[in-house]
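>
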Amino acid sequence: MTRRLIFELEEYRCPTCGAVNDVAVDYERGQVVCRSCGTVLRESIADLGPEWRRPESSRAHAGPVGSSLGDIEYGNIKIMDKLKAISLKKFARPLTTPLERVEIDIREFLDSAREKLNLHPSIVEETVQLYKRLYEAGYRAPRLEGYAAALLFTLKSRGVAAVTPKTLYEQLGVDRSAFQSAYMELLKVANSLGLRPPRTDPKIYIPKIVAALGIGDEKTAEVLRIAVDILRYIMSSPRIRNGRKPQVLAAAAVYYACYLAGVEVTQKELAKAADSTEGPVRELLKELSERLYIEITL
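As numbered in the UniProt record's numbering, residues 1 to 298 make up the sequence shown, in order.
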């Protein structure tokens, strides 16, 4: 920054070479210097003049005046800081539409969910785009429950079995009944848009349930193989499978597989491993007991 310097006229005699009033003013340093030998005769001259800037020596031209984002984006800084500033620039401007505010809000929610549930970043992005479509179509569920419902829809579309509805409302702190209502409303709006998640294959829940039971490596492979065969029979009967959750169907198959492999497991342990309650599992096992015939060789 360069400023006009005003100082009181006086006689300057150089103590080194003896020259009188043969001086020059260094405007950058605020010094009076002898022209003959370069000795500094006076320093820190009072600055009484108005401020002015020299563009080539100022950072004002690097970006909008008073804008730190402008300085960061165009200034001479580290490349990582520059990229970070550019990514944040779109959020520096005022939000003008409700949809923009909703997008910011759901991204914050999903970023937190991604850390807690170990989700892939692409799932977050897909959920954001899904929710924006639903919002524009009139979807107005409670805020957090609506976000969680959209996430569940995406997970089902991706075939992710590790995250169940119970996991969502327990880990993300949403109300269970409000979450269920939000998901049912979401299905209606999604259906009007022609969006339908694929029917979940119960087979994807079998490895998760077996791992949660902790039956040991020596029996795991056998239980998995038998459970898949039993589940194939269950799925062949519409009367048995219709109206039941995929994880409950998988839990019943694992239960009988454990029985055939000689692994003891209770219905309570099985329901917990499947993120379900004992009632639906017990009811299915009772119905299967009347249809399955197990041959035991002594």
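From the three backbone atoms N, C-alpha and C, an ideal C-beta is built for every residue, glycine too.
Computed from a predicted model, the values in this text were never measured in an experiment.
Would you kindly report the start and end of the unbroken alpha helix (DSSP H) that includes Asp26?
In the sequence shown, counting from the first residue as 1, residue 26 sits at position 26. Asp26 -> not in any alpha helix (DSSP H); beta strand (DSSP E) instead, spanning 23-26.
> Which residue from Gln129, Leu130, Ala149 puts its Cα closest to that of Met184?
Looking up residue 184 in the sequence shown gives position 184. Met184 has its Cα closest to that of Ala149, out of Gln129, Leu130, Ala149.
> Using 10 angstroms around the beta-carbon of Gly138, count the other beta-carbons present and answer buried if the total reaches 16, otherwise exposed.
On the sequence shown, residue 138 is found 138 positions in, with the first residue counted as 1. Per the 10 Å Cβ criterion, exposed.
> Between which two residues does the beta strand (DSSP E) containing Arg42 stretch?
Residue numbering aside, residue 42 sits at position 42 when the sequence shown is read from its first letter. Note, Arg42: beta strand (DSSP E), 40-42.
> To the nearest angstrom, how far is the alpha carbon of Thr164 from that of Leu260?
Working through the sequence shown from its first residue, we reach residue 164 at position 164. Working through the sequence shown from its first residue, we reach residue 260 at position 260. Going by the C-alpha atoms only, they are around 27 Å apart.
> Please classify Ser36: is it buried, with 16 or more other beta-carbons within 10 angstroms of its beta-carbon, or exposed?
Along the sequence shown, read from residue 1 onward, the residue named residue 36 stands at position 36. The residue in question, Ser36, is exposed, as its Cβ has fewer than 16 Cβ neighbours within 10 Å.
> Ala257 and Ala274 - do their beta-carbons sit closer together than 8 Å?
Position 274 of the sequence shown, counted from the start, is the residue given in the question as residue 274. Position 257 of the sequence shown, counted from the start, is the residue given in the question as residue 257. Taking 8 Å as the Cβ cut-off, Ala274 and Ala257 do not qualify as a contacting pair.
> Report the CB separation of Leu117 from Gln180 in whole angstroms; it is logged as a contact under 8 Å.
Looking up residue 117 in the sequence shown gives position 117. Looking up residue 180 in the sequence shown gives position 180. Incorrect: roughly 19 Å between the Cβ atoms, too far for contact.
> In or out: Ser112 buried (at least 16 other Cβ within 10 Å) or exposed?
On the sequence shown, residue 112 is found 112 positions in, with the first residue counted as 1. By the neighbour-count rule (16 or more Cβ atoms within 10 Å), Ser112 is not buried but exposed.
> Fully enclosed by the stretch 103-165, which beta strand (DSSP E) runs are 3 residues long or longer?
none
> For Leu152, which residues from the same chain have a beta carbon less than 7 Å from its beta carbon, with the 5 sequence-adjacent residues on both sides left out?
The residue labelled residue 152 in the question sits at position 152 within the sequence shown. Closer than 7 Å at the Cβ level, and outside the excluded window around Leu152, lie Pro165, Leu168, Tyr183.
> Return the chain-ordered list of same chain residues with a C-beta closer than 6 Å to the C-beta of Val174, the five sequence neighbours on each side being excluded.
The residue given as residue 174 occupies position 174 in the sequence shown. Spatial neighbours of Val174 in its own chain (CB-CB distance under 6 Å, excluding positions within 5 residues in sequence) are listed in chain order as Leu144, Glu145, Ala148.
> Do you know offhand how far Leu155's Cα is from Leu193's?
Numbered from its first residue, the sequence shown carries residue 155 at position 155. Numbered from its first residue, the sequence shown carries residue 193 at position 193. So the alpha carbons of these two residues sit roughly 18 Å apart.
> Return helix, strand or coil for Arg35, following the three-state DSSP convention.
Within the sequence shown, numbered from 1, the residue matching residue 35 stands at position 35. It is coil, neither helix nor strand.
> By a C-beta neighbour count over all protein chains shown, 10 Å radius and 16 as the cutoff for buried, is Ser289 buried or exposed?
Here residue 289 is taken as the residue at index 289 of the sequence shown, counted from 1. Of the other Cβ atoms in all chains shown, fewer than 16 fall within 10 Å of the Cβ of Ser289; this residue is therefore exposed.
> Check Arg13 in the structure and name its three-state DSSP category.
In the sequence shown, residue 13 corresponds to position 13, counting from 1. Arg13 falls in the strand class under three-state DSSP.
> Please classify Val20: is it buried, with 16 or more other beta-carbons within 10 angstroms of its beta-carbon, or exposed?
Stepping through the sequence shown from its first residue, residue 20 is reached at position 20. Val20 should be labelled exposed.
> Since Leu260 is in the alpha helix (DSSP H), which residue starts that stretch and which ends it?
As a first step, residue 260 is located in the sequence shown; it is residue number 260 there, counting from the start. Note, Leu260: alpha helix (DSSP H), 246-261.
> Pull up the DSSP beta-bridge partners for Arg20, would you.
For the purposes of this step, residue 20 is identified with residue 20 of the sequence shown, where counting begins at 1. Contrary to the premise, residue 20 reads as Val rather than Arg in this sequence. Bridge pairing for Val20: Arg13 [DSSP].
> With DSSP as the reference, label Ser236 as helix, strand or coil.
One-based indexing of the sequence shown puts residue 236 at position 236. Ser236 falls in the coil class under three-state DSSP.
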